[in-house]
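Undergrad: In short: position in the sequence shown from 1, add 107, done, that's the working numbering. We put the CB at the ideal spot given by N, CA and C, even for glycine. Everything numeric in this text was worked out from a predicted model, so none of it was measured.
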Amino acid sequence: MVGGMVLHLRSLRRFEHSGGWIRALLEEAENERMHLMTLMEVFKPRWYERALVLVVQGVFFNVYFLGYLISPKFAHRVVGYLEEEAVHSYTLFLDAIDAGLVEDVPAPPSPSTTGACRPTQRSGMLWWSSGQTRHTTAMSITMLRTFSIKDSN
Numbered sequence: 108m109v110g111g112m113v114l115h116l117r118s119l120r121r122f123e124h125s126g127g128w129i130r131a132l133l134e135e136a137e138n139e140r141m142h143l144m145t146l147m148e149v150f151k152p153r154w155y156e157r158a159l160v161l162v163v164q165g166v167f168f169n170v171y172f173l174g175y176l177i178s179p180k181f182a183h184r185v186v187g188y189l190e191e192e193a194v195h196s197y198t199l200f201l202d203a204i205d206a207g208l209v210e211d212v213p214a215p216p217s218p219s220t221t222g223a224c225r226p227t228q229r230s231g232m233l234w235w236s237s238g239q240t241r242h243t244t245a246m247s248i249t250m251l252r253t254f255s256i257k258d259s260n
C-alpha cells in the first residue's frame, strides 16, 4: 500500500506512468488483507489482540513510509523478508496440523480461495504457502531489475 501510494504521487508529480507498478502493489496489499481476514475467521482474535494490531500497524506504517521515501529498494527487501516469514509461519501451522496439535477443520469461505477446491485449513495453507513462495520470488526478481535499472541511470 505504501509503495503504491508513493509511486502514485511520484507518477502525478512527474507526469509519467508507473509501468503498472501502482496496480501491482495495491493488488498485493489487497491479497495480504484477504489473508488476514481469513485468518481472523480461523483464530477469532480477542479485543486486546485487535488493539495490539492497531498499535503495531500505526507504528509500522509510519516507519515503513519514511523508510520507503529514503530507500525503496530496502523497503521492498523488508517486504520480501516479511513474506518469507509468512511462509515459515504457514509451515509451522501445517506442522501443528500434521502433529495433531491443531484440528484440520473446514476452511472459512474467502474470496481469496474462490475458484479452487480447498476444503480444509491445511489445504488452504498449502495453497497460500506455494503462492506466497512463487510471488516472493517473482516480485524480488522484478524489483531488483527495476531498481538496478533506475540506479544505473
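The alpha helix (DSSP H) with Gly126 in it runs from where to where?
TA: Note, Gly126: premise wrong, no alpha helix (DSSP H); not H, not E.
Undergrad: Quick one: what's got a C-beta closer than 8 Å to Gly262's C-beta in the same chain, skipping five residues either side?
TA: Nothing about residue 262 can be read from this structure; the chain reaches only from 108 to 260.
Undergrad: Give a yes or no on whether the C-beta atoms belonging to Met108 and Ala131 are separated by under 8 Å.
TA: no
Undergrad: What separation, rounded to the nearest whole angstrom, lies between the Cα atoms of Val166 and Gly127?
TA: For Val166 and Gly127, the distance between alpha carbons rounds to 28 Å.
Undergrad: So for Pro86, helix, strand or coil by DSSP?
TA: Missing from the structure shown is residue 86; the chain here goes from 108 to 260 and no further.
Undergrad: Have a look at the DSSP bridge pairing and note the partners of Thr227.
TA: According to DSSP, Thr227 shares a beta bridge with Pro213.
Undergrad: Rounded to whole angstroms, what is the Cα-Cα separation between Gly120 and Val113?
TA: The sequence shown places Arg at residue 120, rather than the Gly named in the question. Their backbone Cα atoms lie some 10 Å apart in a straight line.
Undergrad: Below 8 Å, can you find three or more Cβ-Cβ pairs linking the segment 145–155 to the segment 203–218?
TA: yes
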